[in-house]
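What follows is a short report on a single structure.
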Amino acid sequence: MTNLRRRSRPPLDDDDLLSEILLRLPPQPSSLPRASLVCNRWRCLVSDPGFTRRVRLHHRRNPPLLGLFYRNFRHICFVPTPDPPNLVPRERFLLQFDKGDDGFVILGCRHGLALIYHASRGQLLVWDPVNGDRHRLDIPPGFETKETYIHGAVLRAAGDARHFQVVLVGNDEKQYTRALACVYSSETGAWGNLISTLFPPKPKDCRSRLPTMIVMSIPGVLVGDSLYWILTESSPSILQFDLGRQSLAAIPVPVDVFANGNCHFTVMRAEDGGLGCLFLSGFNAQFWKRKTDCGGVASSWVLGRTIELDKVLPMNSEEERGPLMMLGFAEDNNVVVVWTIAGVFMVQTESLQFKKLFEANIIQSYYPFESVYTGETRIGVGNEGAELLLSG
1 MTNLRRRSRP PLDDDDLLSE ILLRLPPQPS SLPRASLVCN RWRCLVSDPG
51 FTRRVRLHHR RNPPLLGLFY RNFRHICFVP TPDPPNLVPR ERFLLQFDKG
101 DDGFVILGCR HGLALIYHAS RGQLLVWDPV NGDRHRLDIP PGFETKETYI
151 HGAVLRAAGD ARHFQVVLVG NDEKQYTRAL ACVYSSETGA WGNLISTLFP
201 PKPKDCRSRL PTMIVMSIPG VLVGDSLYWI LTESSPSILQ FDLGRQSLAA
251 IPVPVDVFAN GNCHFTVMRA EDGGLGCLFL SGFNAQFWKR KTDCGGVASS
301 WVLGRTIELD KVLPMNSEEE RGPLMMLGFA EDNNVVVVWT IAGVFMVQTE
351 SLQFKKLFEA NIIQSYYPFE SVYTGETRIG VGNEGAELLL SG
């Protein structure tokens, strides 16, 4: 018995067990650099590319919010949102296009990838800001006409860190009566079949002469196994693409969101994990969720919480209680980015914790980037901590 005890190794001498422990560190950018300071053995383990891939995959469903992307002329710029030591340098995620290539639109970010539509080239760009990988995709047949307004989303399948899918949605040309969808798989390197459904009819009291289209300024949101986009006021609805069934459907919104011109809304994950909506009208925030019957079929909307954001955010004067606009939404962290006269804030919708990001006179869309960033580490003489480097 004594000999067996002497020969047994301490638990942390077992590399497999140690890697499982380190794998469960908080998914913040500073976690692995700090762990690398313990000893050379830990440093070698956390800097192994295979281990960092496992870390990104393990925390795929609970990634931290690293910052916001926005367009600035021929650049896609980055605003980091965490505080030190988890702040990623903004120059780390700068993407610059060549002169004349300014006809691009950011469609959204998900699972550590960004999707960009390059209208002048008729291409989509899938970009991994962490390692710099870029994949260009030609627009599939059915979406290449000028009358088709394109939106889309990028995602990875659960448990797959290498391959991705792009779901492209739009309208049929000229008639604007049908929604179209097509799915690209990096595993096969090909687009699938064209999928379509009728847009919902315009309400009888609709005064808008514009055709029904997908709202370009609001990215799609992933809830469960479906992606959702907002349709214009001509048919105030939510466009759903079911990833499993490969089908499109339109869902009515719970309230007349366009009755008040200062109303903003987004699809979000409800508290029970189902489909929800956040509506902002003035400083009033309403949280709705889609109710399901005993058979699991969605049937109606139910109003949940109502919050007065002017009582949450630091509004110091009546002037600062002016208009409020929703500029972005981080779906994994349920964080909404809002503009007020007092500045741009991000608000966690469950805890109502907030942070002022910056002053802003220009109102534009921001695209939250949620990902696990496992930067390399460098230890110098006299350093009290590990330094985040630019991995790639």
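At position 101 of the sequence shown (counting the first as 1) the number is 101 in UniProt numbering, and the numbers step up by one without a gap. By construction, the Cβ of each residue, glycine as well, lies at the ideal position given by its N, Cα and C atoms.
Here the alpha carbons of Cys182 and Gly122 stand approximately 15 Å from one another. According to DSSP, residue pairing for Thr266 in a beta bridge involves Leu278. When His163, Gly103 and Ala158 are compared, the shortest CA-CA separation from Trp127 is found for His163. Secondary structure note for Asn72: it is in no alpha helix (DSSP H), and the uninterrupted beta strand (DSSP E) holding it is Leu65 to Asn72. If you draw a 10 Å sphere on the C-beta of Met325, you find fewer than 16 other C-beta atoms in it, and that means exposed. A residue is called buried when at least 16 other Cβ atoms come within 10 angstroms of its Cβ; Thr177 does not meet this threshold and is exposed.
Under the DSSP assignment, Gly50 falls outside any beta strand (DSSP E), being part of the alpha helix (DSSP H) whose first and last residues are Pro49 to His58. From the listed residues Leu303, Glu271 and Ala161, the smallest Cα separation to Gln286 is found for Leu303. Between Lys99 and Arg61, the C-beta spacing is not below 8 Å. Distance between Met213 and Asn171, taken at the CA atoms: about 7 Å. A distance below 8 Å separates the beta carbons of Ile106 and Tyr367. Note on geometry: alpha-carbon atoms of Phe51 and Pro26 lie some 15 Å from one another. In the displayed model, Cys44 falls within a helix according to three-state DSSP.
Beta-bridge partners of Ser300 (DSSP): Lys291.
By the neighbour-count criterion, in which a residue is buried when 16 or more other Cβ atoms sit within 10 angstroms of its Cβ, Val38 is exposed.
With 16 or more other Cβ atoms inside 10 Å of its own Cβ, Thr266 counts as buried. Taking the Cα of Tyr117 as reference, the smallest distance to any Cα among Ser217, Val130 and Pro84 is reached at Ser217. Taking a 10 Å sphere around the C-beta of Arg290, we find 16 or more other C-beta atoms and assign the residue as buried. In the DSSP assignment, Ala35 falls within the alpha helix (DSSP H) that extends over Ser31 to Ala35. Taken in chain order, the whole beta strand (DSSP E) runs of length 3 or more contained in the stretch 87 to 158 are 104 to 110, 113 to 118, 123 to 127, 134 to 138 and 151 to 155. For Ser237, the enclosing beta strand (DSSP E) covers residues Ser237 to Asp242.
A straight line joining the alpha-carbon of Phe104 with that of Phe329 spans about 20 Å.
Annotation: the continuous alpha helix (DSSP H) that includes Glu20 extends over Asp15 to Leu23.
In this structure, Ser237 is the residue among Ala157, Arg41 and Ser237 with its C-alpha nearest to the C-alpha of Lys202. The alpha-carbon separation between Leu239 and Pro323 amounts to approximately 28 Å. Close CB contacts of Met268 within its chain, under the 6 Å cut and outside five residues either way in sequence, are with Gly276 and Leu278 (chain order). Across the set Phe199, Ser19 and Asn72, the C-alpha of Ser19 shows the shortest separation from the C-alpha of Cys44. Gly152 and Val166 do touch by the CB rule: their CB atoms are close to 6 Å apart, below 8 Å. Per DSSP, reduced to three states, the secondary structure at Leu309 is helical. Spatial neighbours of Trp42 in its own chain (CB-CB distance under 8 Å, excluding positions within 5 residues in sequence) are listed in chain order as Leu18, Leu22, Ala35 and Ser36.
For the set Phe97, Asp48, Leu280 and Gly282, the Cα lying nearest the Cα of Leu125 is the one of Phe97. Judged by DSSP in its simplified three-state form, Glu370 adopts strand. Listed as beta-bridge partners of Val38 by DSSP are no residues whatsoever.
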